[in-house]
Structures are given as C-alpha cells and as structure tokens.
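J.:
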Amino acid sequence: MRFVATLEDGVEPVEVRGEGGRYRLTLGDEVWEVDARLTAQGIYSLLIGGVSHVAEVTDDGGACVVDVGDETWVIRVEEATRHIIRTRGGGPAGHGGQTLTAPLPGRITHVAVKPGDRVEKGDTLLVIEAMKMENEFRAGMAGTVAEVRVGAGQAVNAGDVLVVLET
Numbered sequence: 069m070r071f072v073a074t075l076e077d078g079v080e081p082v083e084v085r086g087e088g089g090r091y092r093l094t095l096g097d098e099v100w101e102v103d104a105r106l107t108a109q110g111i112y113s114l115l116i117g118g119v120s121h122v123a124e125v126t127d128d129g130g131a132c133v134v135d136v137g138d139e140t141w142v143i144r145v146e147e148a149t150r151h152i153i154r155t156r157g158g159g160p161a162g163h164g165g166q167t168l169t170a171p172l173p174g175r176i177t178h179v180a181v182k183p184g185d186r187v188e189k190g191d192t193l194l195v196i197e198a199m200k201m202e203n204e205f206r207a208g209m210a211g212t213v214a215e216v217r218v219g220a221g222q223a224v225n226a227g228d229v230l231v232v233l234e235t
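Counting from 69, one number per residue, gives the positions in the sequence shown under our numbering.
1. What residues in its chain sit with their C-beta under 7 Å from that of D138, if we drop five residues either side in the sequence?
2. Start and end of the beta strand (DSSP E) containing Q166?
3. Suppose the cutoff is 7 Å on Cβ atoms and the five residues either side in sequence are ignored; what does the same chain contact list for R92 look like?
4. Excluding the 5 residues flanking V229 on each side, which residues of the same chain have their C-beta closer than 7 Å to its C-beta?
5. Put T149 into one of helix, strand or coil per three-state DSSP.
6. Kindly indicate the opening and closing residues of the beta strand (DSSP E) around D228.
7. Quick one, are the C-beta atoms of V187 and A223 less than 8 Å apart?
8. For a test of the three-state rule: what should DSSP assign to E188, helix, strand or coil?
9. Check whether the Cβ atoms of R220 and V179 sit closer than 8 Å, and answer yes or no.
10. Please determine, among D185, V125, M199, N225, the residue with the shortest C-alpha to C-alpha distance to T212.
11. Judging by CA-CA distance, which residue of V79, V231, T235 is the nearest neighbour of A148?
12. Ends of the beta strand (DSSP E) at M199?
13. Please state whether DSSP places L93 in a helix, a strand or coil.
14. L114 and A104: beta carbons closer than 8 Å?
15. Quick check on E83: buried or exposed, where buried means 16 or more other Cβ atoms within 10 Å of its Cβ?
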C-alpha cells in the first residue's frame, strides 16, 4: 500500500508491503525490513535491521505521536491517493481565477454548481469517485463559475479540466 507521511515540513512517500508482522517499508529512497508486533494497546515491538525497538504510538487529532526511546515524532500519514487529491485538485488559472483539474481518473458523481453561480472559498463544486472513495472538491477562492466542463456520471482522466472559476 502507498502512503504519504508528513513530518514537520517534510513530506515523504511510503510504500508498505507484507503481512503477518513482516513488512518491507520503502521510505523515500530507503528500504527497511521490519518485523512489527503489537504487544499492548499502542505499544509496538519493532525489529529493524537486527536492532530491537519499542515504540509507543498515540493519536493526537489525526496525527500519530511516536515515542521511541528518548525521541518523539509527530507524523501525519494518509493514503497516497487521498494526498494527491487533497494537494493537487486545482491550480491557479491566472488573472485571479482557479482551474479545478482531476488529480486522477474517476467518475463524476455530483456537480454542485453551474456557470454563473457565485461561490465562496470552501463551497462544494463537485464530487468525484476514484479508487472506491468519494472525494469532494471545494472552491479554493471566492468567485464566479465561468465553466463547468463535466456532468454527473461522466468519466474523467487525470489532468482533465473540471471547473473554471473567475474572480
């Protein structure tokens, strides 16, 4: 499975393969063979490169707080597709507008706006189903809907223009 881990200001791709406590983690350019066992609620026994570690993992508002020895990290982990959708769902169109593009292939399940509609930042523009998840796309700015290039039920490819906003 592919994830994206955010640690402070750094973002790293993470791929996890394996099962039954034995995993291969690819973290950026590094590969780690990890034997991981849950020993108690939130306590993991890890064997990494022949060295044993005990990690305590707690949830802090969606972030994982990981304590290993005398070191603590706050890590946010999200599925890679969700990260792509959240960070690449639209971009500036120039001249004060916004062009919403599809970050990956999917199917439009709902279009909430039509040309001429006035929207505020955060208003829902449309919903795409991709990889068995419904992803709601919102306006990144206040403006007027100049174009809606898709309709409900339509398949889209990564990079397709979906909605154009003007200020």
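All residues carry an ideal CB built from backbone N, CA and C; glycine is no exception.
T.: Result, derived from the coordinates:
1. none
2. 165 to 169
3. R85, G86, V99, E101
4. T167, T169, R217
5. helix
6. No beta strand (DSSP E) holds D228; DSSP gives it neither H nor E.
7. no
8. coil
9. Checking the sequence, you will find Ala at residue 220 rather than Arg. Yes, they are a contact pair.
10. D185
11. V79
12. Run containing M199: none; DSSP gives neither H nor E here.
13. strand
14. yes
15. exposed
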